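Protein chains in written order, with my numbering: chain A, 1 to 340; chain B, 1001 to 1340.
Each residue gets a CB set at the ideal place from its N, CA and C atoms; glycine is no exception.
If you're wondering where the values come from, they're calculated on a predicted model, not measured in any experiment.
2 protein chains.
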Amino acid sequence: MHVQISAPGANKVQLDISAVKYDLIKDDKGVWIGESAPQDEGFHYYQLWIDGAAVPDPGSLYYYGASRWGSGIEIPAKDQDFYALKNVPHGQVRELIYFSKSNNNNRRCFVYTPPGYDKDSQKHFPVLYLQHGGGEDETGWSRQGRANFIMDNLIAEGKAKPIIIVMDNGTWRMPDRASGAKPGECPAGPWPPKGWADGFTKTMLEDIIPMIDANYRTLADQKHRAMAGLSMGGMQTRVITVDNPDVFSYVGIFSGGSISIEDIKDARGFKENVKLIFVSYGSRELENRRTGFGGDPKENTEKLKDAGIKTHFYISPQTAHEWQSWRRSLHEFAPLLFKD
Amino acid sequence: MHVQISAPGANKVQLDISAVKYDLIKDDKGVWIGESAPQDEGFHYYQLWIDGAAVPDPGSLYYYGASRWGSGIEIPAKDQDFYALKNVPHGQVRELIYFSKSNNNNRRCFVYTPPGYDKDSQKHFPVLYLQHGGGEDETGWSRQGRANFIMDNLIAEGKAKPIIIVMDNGTWRMPDRASGAKPGECPAGPWPPKGWADGFTKTMLEDIIPMIDANYRTLADQKHRAMAGLSMGGMQTRVITVDNPDVFSYVGIFSGGSISIEDIKDARGFKENVKLIFVSYGSRELENRRTGFGGDPKENTEKLKDAGIKTHFYISPQTAHEWQSWRRSLHEFAPLLFKD
């Protein structure tokens, strides 16, 4: 990507993208100019360094990632049509404030309602609970992810059913007692530590789902409820769906591990009731074996298939642990939902 | 306000707020620290200067103002309770994409639906069209303005009726032919030049209002339609409502001029049909006579009153041309709406 910024008094200015810093060159008007190596297609976070200060690019749009609002860049992609804003019927992305009893505070989530939701007040819809990654928040899937445009386009083409998508905040402080670690220390033993998802699980089951079922025209049963997430959100999806096969019937794990036979051997009713386990990765993650915890995702998923569970394994070509992998994953996953 | 940023290699770092730059001091760890003079209560845009580069503060939230996303700070206010997030029933802020025929493109607006909107599918609501200022966009009123929390709280206290609020983008390139100026030149004659609001007027009347009436349960008549705006949005409100007294019945102009007797002398049906003209300013704007165009706003408004038109003139104490004036203006204006 190309970048430029006026900083006539600066000694050193760098572009920082995909974990590499590129020196910019100052022109005779004090404008620093430069570019990075070619980037993967799709969305990337980046920042500038000006004399040792890490700052956003004032010329960019801002996205929540790395636990703060920062710059993002969209690299044109050969397949960008599937997440483009087009002149098709559009759903709405609704910002919702609700009171969480289990946390005793106000929380925010975003809810995608499909095109036509407000037209027929008798119609009810299935729901996908869709989670962001670590350091991101409830804005990620509609901003970086363009989940609303992906769904609008799939629905317009007749490739996916109209569904409600709930995007809440899964960021959770590690429970000290569960992890056994002192504050600031990494806990010993397998990662993630047992209990790490308890807080969000409780919020999902006791607050989010009942609030959504009370306020939207949902089909409020296991058959019509899906959960998916990317990275940390995929790990949360695994824990929550394996522990609650009576709540969710479709499971999507994007760059966030997989489900093994061992995971579900004690999960009563899982095999009978869960309709699909979808697992995906960017191709570069698999090449570099950056596949997270819990064993080889492809092998795990094949074993589930051999055991009679419906699975779908997807590899996003030429992408790494990044939003283009997850946009494509949603685009592959959504058409498979609620077909049974 | 206090600010700090790590920039060990920088020569000069400044905080830039309310049109004043304050030098920061570097500590022995390379962190630049400093503070501004005390600021008015409420919301302020600000930025940092690092060796000549104007950048957002990486530790802040971002807001759209000055035609770009930049940092904002909230100075605690004695009256902040009226725009606080409280545990009351909340409306929703919905992000809407719609196709504009008059512009032949996709546009975005935000729509506040009041608490309970989805509960009773038979109930219809009045609508306030609420516009941002110059250099801002359709995100301003729900982010900087906290219009949704102001309304949630007023409705919870029984002080305002539940209404729909539509927040669209009024930014418009000056029409060259209308202004008579060459690109880049200021047009001669009175400001704003005739015709400057034609583009947004057409979009409001031909696209936005019909789209809202088609997609929401509105009371779709003049009696139940209001328009208000701040600064540039107030000037647009004046032009659009004076030209269309058959469309809007309540008018709010916040720090954006006023309506004079001369403005409406040819506007047939205005006096009979328009229910309220609300005009407001921050007290510091009046002290400094920064009241925009078209004569003294208080005198103008008193003359309207003398002519038998219902008016309300409000002064926000100890604030200037800034969001705290406009939050308070909405808080004063909303309870007066749709009482007849």
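Go ahead and pull the three-state DSSP assignment for Q236 of chain A.
-> helix
Hey, does K12 of chain A have any beta-carbon neighbour from chain B nearer than 8 Å?
-> yes
Counting pairs of Cβ atoms below 8 Å between the stretch 1058 to 1072 of chain B and the stretch 65 to 75 of chain A, do you hit three or more?
-> yes
Ranges of the alpha helix (DSSP H) found wholly within the stretch 1096 to 1169 of chain B, counting only runs of at least 4 | 1147 to 1156
Counting only the same chain and skipping the five closest in sequence on each side, list residues whose C-beta sits under 7 Å from that of V88 of chain A.
-> D152, N153 and A156
Are the CB atoms of E1041 of chain B and A1077 of chain B nearer to each other than 8 Å?
-> yes
Buried/exposed call for V20 of chain A, threshold 16 Cβ in 10 Å | exposed
Cutoff 8 Å: A1178 of chain B Cβ touching any chain A Cβ = Confidence at A1178 of chain B is low in this model, with a pLDDT of 49, below 50, so the placement of that residue should be treated as unreliable; the coordinate-derived value is given next. So, not an interface residue.
Enclosing beta strand (DSSP E) for D1016 of chain B [first to last residue] | V1013 to I1017
When we look at the beta-carbon of Y64 of chain A and count the other beta-carbons within 10 Å, is it buried (16 or more) or exposed?
-> buried
With a 10 Å radius around its C-beta and 16 neighbouring C-beta atoms as the bar for buried, classify G1091 of chain B as buried or exposed.
-> buried
Taking DSSP as the reference, what is the three-state secondary structure of F1254 of chain B?
-> strand
The stretch 1091 to 1107 of chain B: which residues have C-beta closer than 8 Å to a C-beta of chain A, in chain order?
-> Q1092, V1093, R1094, E1095, L1096, I1097, Y1098, F1099 and N1106
According to a CB-to-CB cut-off of less than 9 Å, which residues of the stretch 1057 to 1077 of chain B neighbour chain A?
-> D1057, P1058, G1059, S1060, L1061, Y1062, R1068, W1069 and G1070
Going by CA-CA distance only, name the one from B:D1296, B:G1009 and B:Y1129 that's closest to Y1281 of chain B.
-> B:D1296
In the stretch 1119 to 1130 of chain B, which residues sit with their C-beta less than 8 Å from some C-beta in chain A, listed in chain order?
-> S1121
Should V247 of chain A be flagged as near chain B, meaning a C-beta pair shorter than 8 Å?
-> no
Can you give me the Cβ contacts of A1197 of chain B inside the same chain, cut-off strictly under 7 Å, excluding the 5 residues immediately before and after it?
-> Q1236, V1239 and I1240
Using a cut-off of 7 Å between C-beta atoms, extract the partners of G1009 of chain B located in chain A.
-> N11, K12, D51 and G52
Do A147 of chain A and Y112 of chain A have their C-beta atoms closer together than 8 Å?
-> yes
Just checking my contact of V31 of chain A with Q4 of chain A at CB under 8 Å: how many whole Å lie between their CB atoms?
-> 6 Å
State whether the stretch 127 to 147 of chain A contacts the stretch 299 to 314 of chain A, with contact taken as three or more CB pairs (one from each stretch) at a distance under 8 Å.
-> no
Sheet register partners of I73 of chain A (DSSP bridge) | A:H44
Going by the beta-carbon positions, is the gap between V55 of chain A and P1056 of chain B smaller than 8 Å?
-> yes
Pull up the distance between the alpha-carbon of V1279 of chain B and that of M1211 of chain B, whole angstroms please.
-> 28 Å
Evaluate contact between the stretch 1261 to 1280 of chain B and the stretch 1203 to 1220 of chain B, counting only Cβ atoms and requiring at least three cross-stretch pairs below 8 Å.
-> no
Range of the contiguous beta strand (DSSP E) that encloses K1021 of chain B = V1020 to D1023
To the nearest whole angstrom, what separates the beta carbons of F1125 of chain B and P1114 of chain B, a pair I think is in contact under 8 Å?
-> 7 Å
Beta-carbon proximity of M1 of chain A to I75 of chain A, cut-off 8 Å | yes
Which chain B residues are close to N87 of chain A, counting only those with a beta carbon under 8 Å from its beta carbon?
-> F1099 and N1106
What residue from B:S1231, B:H1224, B:E1299 and B:W1172 has the CA that sits closest to K1202 of chain B's CA?
-> B:W1172
For T291 of chain A, three-class secondary structure by DSSP = coil
Quick one: complete beta strand (DSSP E) runs, 3+ long, within the stretch 276 to 326 of chain A?
-> 276 to 282 and 311 to 316
Are the beta-carbon atoms belonging to S258 of chain A and L230 of chain A less than 8 Å from one another?
-> no
Name, in chain order, the residues that DSSP records as bridge partners for E35 of chain A.
-> A:H2
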